[in-house]
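Undergrad: I'd like to ask some things about the structure below.
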Amino acid sequence: MPIDFVSIDSLARHEGATVTVKGWLYNKRGSKGLWFLILRDGSGLAQCVVSQESADAATWEVAEACTQESALSLTGTVRRDERQVGGYEVQVTSATLVSLAEEYPITPKEHGIEFLMNQRHLWLRSRRQWAIMRVRNRVIYSIHQFFQERGFVQMDAPILTGNAVEGTSTLFAIDYFGRPAYLTQSGQLHGEAMAMAMGKIYTFGPTFRAEKSKTRRHLTEFWMIEPEMAFYDLDMNMEVAEAMLVRLVTDAMEHCAEELAILERDLEPLKRVQGPFPRVTYDEAVEILHSDETARMMDEKIEGLKVEEASLRAELEANRKAYGQAKKHEKRQYDAREIAINQRLADIEEENRYLPKWKESARTFEWGNDFGGSDETVVTWHFDRPVIVHRFPHHFKAFYMKRDPEDDRLALGMDVLAPEGYGEIIGGGERATDLAFLKAQVEAHGLPEEVFSWYFDLRRFGSVPHSGFGMGLERTVSWICGLHHLREAIPFPRLIDRIYP
Ligand code: 4AD
Ligand code: MG
507 MPIDFVSIDS LARHEGATVT VKGWLYNKRG SKGLWFLILR DGSGLAQCVV
557 SQESADAATW EVAEACTQES ALSLTGTVRR DERQVGGYEV QVTSATLVSL
607 AEEYPITPKE HGIEFLMNQR HLWLRSRRQW AIMRVRNRVI YSIHQFFQER
657 GFVQMDAPIL TGNAVEGTST LFAIDYFGRP AYLTQSGQLH GEAMAMAMGK
707 IYTFGPTFRA EKSKTRRHLT EFWMIEPEMA FYDLDMNMEV AEAMLVRLVT
757 DAMEHCAEEL AILERDLEPL KRVQGPFPRV TYDEAVEILH SDETARMMDE
807 KIEGLKVEEA SLRAELEANR KAYGQAKKHE KRQYDAREIA INQRLADIEE
857 ENRYLPKWKE SARTFEWGND FGGSDETVVT WHFDRPVIVH RFPHHFKAFY
907 MKRDPEDDRL ALGMDVLAPE GYGEIIGGGE RATDLAFLKA QVEAHGLPEE
957 VFSWYFDLRR FGSVPHSGFG MGLERTVSWI CGLHHLREAI PFPRLIDRIY
1007 P
């Protein structure tokens, strides 16, 4: 059977025609002799009007009986109506109930996050989640475009592996026919082998970290994009990372304007994501942490939170009064605002608790330590766009990093930190090329040498300077969408305490 219905996002092309749309009931409202059905089909929302006067009895019955999330097939004439969601309306002449939904658990009222996470399989249907998933899709699409246009070959690294890449402490071990194996933490090592075969490659796959950290920035399963380039040094690597991020953000703003509006994303910080990104060494970042300017910014933030909290509390009260007088169909928007305010108030409370600790941590930060999430955030406050930090003390970095020829204490690593508190979204660097050095590093990191013999071969047969990086997809999507937590940036998040649904 040919496709016998049209998608809601194509209604503009069918103005004046009679078409069928198929989807789920998002919302409905009735007034005498009329039902206004808001239909959701995944491509958009459309108001579909059933009039008792012109519809047959069966159609009217469907309009009356259908419940939230019931599946419907509606046939009618397409009319332009700018006031309606999507800008077009369907005047229904015939309706079929594909299936009647039971009472839907997710209602417009406020739901706690745990409840919504347990309902993730249904929550994905909400307008907000729809918008996030569309942005995620666009980011994925642009990543492929970016690399393909530049001659990179997409290749897949294995998910089951015998190697640790980023250290042994976050490996998920599995029993592989009686032998130990792991879920991969990063496709990098295999990526290096593939780059020596193809020149420039990128992997795009799921990666796993048995992270004990329960933060907004950690998933145990996340998607990583890892380009690896032969004959690229650290600077060239930074160029690629910067150009890619500029492209992703620009494309998202161009192609996902509606989605970002639904998410109420402030576009100003995104518009500033233009090259060149500031580049600071680890040493300079430490100086920033110690600076008087940082201390001053910290005090200013603490003061700013007080002012914001007072104004939100006043708004909350006004909102509650307005809610009491609002008509039923208007209550939803007050509910939504109340949820948003409460969420922000909870954040403020948390920030009030943390900021003094952050201030202390920045002031007393000792050279040689790895940055914590808060230190990264503090560094980003000093810049209006993503910032690249490079040349870290080698002892907290992975075994494969090349040493800085100018200063043997440092590794040629780089991290890209996103603004607005999102922190590290990219980590990478230039790779060590010397066989003897690498062997010594494997030993120094307490890694088993046998499983790396294939990796050492890459330094035996035509070793060349090469670089690459890994970008966390969910961290990037979270930042572009302005999300509070990574869990909304992936369809089914896996967290330390969650593997359902
Ligand atoms: O900095 P990481 O650990 O770097 C690597 O894995 C390198 N082998 C990549 C390479 O050079 N090819 O991780 C890279 C990125 C981080 O910057 C972050 O965006 C993301 O992966 N990431 C996580 N995202 C979500 N949850 C986690 N637990 C993450 N751990 C890392
Ligand atoms: Mg990192």
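Heads up: the sequence shown is residues 507 to 1007, going by my numbering. Where a beta carbon is used, it is the ideal one built from N, C-alpha and C, also for glycine.
Please indicate yes or no: does the CB of V746 lie closer than 7 angstroms to some heavy atom of the ligand 4AD?
TA: no
Undergrad: Helix or strand or just coil, what does DSSP make of Q947?
TA: helix
Undergrad: Where DSSP assigns a beta bridge to Y682, which residues make up the other side?
TA: R685
Undergrad: Would you call the segment 688-698 and the segment 654-666 touching, i.e. three or more CB-CB distances under 8 angstroms?
TA: yes
Undergrad: Could you have a look at R585 and say whether DSSP puts it in helix, strand or coil?
TA: strand
Undergrad: Are any of the Cβ atoms in chain D nearer than 8 angstroms to that of V752?
TA: Checking the listed chains, one finds no chain D in this structure; it contains a single protein chain.
Undergrad: Determine contact between the segment 885-901 and the segment 776-792, defined as no fewer than three beta-carbon pairs at a distance below 8 angstroms.
TA: yes
Undergrad: Nearest to R843 by alpha carbon, out of E857, K834, R826 and Y928?
TA: R826
Undergrad: Mind checking who H972 pairs with in its DSSP beta bridge?
TA: Answer is A736, bridged to H972.
Undergrad: Can you tell me whether G657 is helix, strand or coil according to DSSP?
TA: coil
Undergrad: Ignore the nearest five residues each way along the sequence and tell me which others in I649's own chain have a CB closer than 6 angstroms to its CB.
TA: Within the same chain, I649 has close Cβ partners I731.
Undergrad: Thinking C-beta only, is G592 closer than 8 angstroms to S514?
TA: Inspection of the sequence shows that residue 514 is occupied by Ile rather than by Ser. Yes; because the gap between Cβ atoms is below 8 angstroms, this pair is in contact.
Undergrad: Pull up the distance between the alpha-carbon of A868 and that of M907, whole angstroms please.
TA: 26 angstroms
Undergrad: Give me the pocket residues for the ligand MG, defined as CB within less than 7 angstroms of any heavy atom, sorted by chain position.
TA: D921, E930 and G933
Undergrad: Does the structure place the segment 917-934 close enough to the segment 957-972 that three or more beta carbon pairs sit under 8 angstroms?
TA: no
Undergrad: When you compare only the Cα positions, how much space is there between Q780 and E760?
TA: The straight-line gap separating the alpha-carbon atoms of Q780 and E760 is approximately 15 angstroms.
Undergrad: Going along the chain, which unbroken runs of the beta strand (DSSP E) with 3 or more residues stay wholly within the segment 750-802?
TA: 785-787
Undergrad: Per DSSP, what are the beta-bridge partners of T599 in this structure?
TA: In the DSSP output, where bridge partners are listed per residue, T599 has none listed.
Undergrad: Is any heavy atom in the ligand 4AD found nearer than 7 angstroms to the beta carbon of F728?
TA: yes
Undergrad: Between which residues of its own chain and K642 is the CB-CB distance below 6 angstroms, once the five residues before and five after are set aside?
TA: Looking at the sequence shown, residue 642 is not Lys but Arg. Same-chain partners within the cutoff: V983.
Undergrad: Taking contact to mean at least 3 C-beta pairs separated by less than 8 angstroms, is the segment 800-813 in contact with the segment 858-868?
TA: Counting Cβ pairs under 8 angstroms, three or more are found: they touch.
Undergrad: So the beta strand (DSSP E) E930 belongs to, where does it begin and stop?
TA: G929 to E936
Undergrad: Can you list, in chain order, the residues of its chain whose CB lies under 6 angstroms from that of G529, leaving out five sequence neighbours each side?
TA: L545, R546 and D547
Undergrad: Roughly how far, in whole angstroms, is the beta-carbon of G935 from the beta-carbon of A917, given that I think they are within contact range, below 8 angstroms?
TA: Rounded to the nearest angstrom, the Cβ distance from G935 to A917 is 7 angstroms, consistent with a contact under 8 angstroms.
Undergrad: Go through its chain and collect everything with a Cβ distance to N533's Cβ below 6 angstroms, but skip five positions before and after it.
TA: The beta carbon of N533 lies closer than 6 angstroms to those of I544 in the same chain, with the five residues before and after it left out.
Undergrad: Within 10 angstroms of the Cβ of D881, are there 16 or more other Cβ atoms? Answer buried if so, exposed if not.
TA: buried
Undergrad: Per DSSP, what kind of secondary structure is P862 in: helix, strand or coil?
TA: helix
Undergrad: Apart from the five residues on each side of it in sequence, which residues of its chain come closer than 7 angstroms, Cβ to Cβ, to A716?
TA: So the list reads T676, L677, F678 and T726, once near-sequence residues are dropped.
Undergrad: Compute every distance between the C-beta of R589 and the non-hydrogen atoms of the ligand 4AD, then say whether any falls below 7 angstroms.
TA: no
Undergrad: Applying the criterion that 16 or more other CB atoms from any shown protein chain within 10 Å of the CB defines a buried residue, is A571 buried or exposed?
TA: exposed
Undergrad: Express the C-alpha separation of A904 and V469 in angstroms, rounding to a whole number.
TA: Outside the shown range of the chain (507 to 1007) lies residue 469, about which nothing can therefore be said.
Undergrad: For F511 and G550, what's the separation of their Cα atoms in angstroms?
TA: 14 angstroms
Undergrad: Look at the Cβ atom of E521, then the Cβ atom of A552, and state whether they are nearer than 8 angstroms.
TA: no
Undergrad: Would the beta-carbon of M907 be found less than 7 angstroms away from any heavy atom of the ligand 4AD?
TA: no
Undergrad: Exposed or buried, which one is H835 when buried takes at least 16 other CB atoms within 10 Å?
TA: exposed
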